[in-house]
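Residues in the sequence shown are numbered from 14 upward in steps of one, following my numbering.
Okay, so here's the structure we're looking at.
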Amino acid sequence: MNNNKEIIDKLFDVWFHGKHKLIEFEATFPDNEESEKLKEELLPDFCDTLIEFYWNYFFLTIARLLDPHTQGQHKNLTLFTLSDLLKKNEKSEWKDVLKKTEELKTKFLPVIKYRRKKLAHFDFDHTIGNADFGTSTHIDEITHFFDTMLELINLTYKPLGFDIRVPAIIRRARFRGGTEFNRILSEYKKYYAQQWLL
14 MNNNKEIIDK LFDVWFHGKH KLIEFEATFP DNEESEKLKE ELLPDFCDTL IEFYWNYFFL
74 TIARLLDPHT QGQHKNLTLF TLSDLLKKNE KSEWKDVLKK TEELKTKFLP VIKYRRKKLA
134 HFDFDHTIGN ADFGTSTHID EITHFFDTML ELINLTYKPL GFDIRVPAII RRARFRGGTE
194 FNRILSEYKK YYAQQWLL
C-alpha cells in the first residue's frame, strides 16, 4: 500500500473516531431543555462527569491534531502532516492545505491553551483562579472542527490520486445508546411519578 495513503488513512481513522464521539454526545445530550432537566433531576453527578469526559476528549483530540508535524527530532501525526505530504510530493495544493490548517489552529488557540494549562498540567494561575481562558467553546465549533478536518483530508487525498471520503459513512441511526439512555430516564421518571400518585 502507498505510504502516503496509509498516513492519511490514519488521520481519517482519528476523524472517524472523533466524529463518532461527537454524534454519540449529541444523541446523549440533545439541545433540549426537557432532557437537560430530566438528567439534572435523576443523574446530575453521573451526567456532569460524562459531559466532562466527552469535552476533555474533544479538547485533547483537537489540540493534538493541531500540534506541529515536526518538533525537533520528533514527528507528530497532525493536520500539518497533510500539507507536508503534499509538499514532499510536489503538489501545489500544499499551500492551500497549510493555510486552512493554520486558520483552524488560530481559531482553536483557546482549546490548545486549555489542553496545556488545564488538561496536561494544573497551571498555578488557572487552577487557583488568578487567570481564566477568556472564552468558551460551543458544540457547534467542535462540529466545525471535525467538518474542516475531513475537508483537509480530502484536499490531500485528491491531488495524490486517492478516493475522497464522505461523511455519510457515519449514520446517525446507529447511535441508539444515547437515545435509549434518554428513553430509559424518561420511563423511569414516569414510573416513579405514578408510584407517588398511588
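Here a beta-carbon is modelled for each residue, glycine too, at the ideal position from N, C-alpha and C.
Cβ neighbour criterion (16 or more within 10 Å) applied to residue i
{"i": "Arg128", "result": "buried"}
{"i": "Asp44", "result": "exposed"}
{"i": "Asp153", "result": "exposed"}
{"i": "Ala76", "result": "buried"}
{"i": "Asp97", "result": "buried"}
{"i": "Gly31", "result": "buried"}
Bridge partners - residue i, DSSP secondary structure assignment
{"i": "Lys88", "result": "Thr83"}
DSSP three-state assignment for residue i, whether helix, strand or coil
{"i": "Leu211", "result": "Residue confidence is low: Leu211 scores 44 on pLDDT, short of 50, so the model does not pin down where it sits. Its coordinate-derived value is still stated next. Residue state, collapsed to three classes: coil."}
{"i": "Pro43", "result": "coil"}
{"i": "Thr94", "result": "helix"}
{"i": "Val179", "result": "coil"}
{"i": "Lys104", "result": "coil"}
{"i": "Phe159", "result": "helix"}
{"i": "Phe146", "result": "coil"}
{"i": "His134", "result": "coil"}
{"i": "His30", "result": "helix"}
{"i": "Phe121", "result": "coil"}
Supposed contact pair residue j and residue i - C-beta distance, whole angstroms, cut 8 Å
{"i": "Thr114", "j": "Leu99", "result": "About 11 Å; that fails the 8 Å criterion."}
{"i": "Ile166", "j": "Leu95", "result": "7 Å"}
{"i": "Phe158", "j": "Leu117", "result": "7 Å"}
>> Within 8 Å, do at least three Cβ pairs link the segment 48 to 57 to the segment 71 to 86?
In response: No, because fewer than three Cβ pairs between the segment 71 to 86 and the segment 48 to 57 fall closer than 8 Å, the two stretches do not touch.
> Between the segment 189 to 204 and the segment 32 to 40, are three or more C-beta pairs nearer than 8 Å?
Replying inline: Contact between the segment 189 to 204 and the segment 32 to 40 is present, because at least three Cβ pairs lie under 8 Å.
> So, do the segment 120 to 136 and the segment 66 to 74 have three or more beta carbon pairs nearer to each other than 8 Å?
Replying inline: Counting Cβ pairs under 8 Å, three or more are found: they touch.
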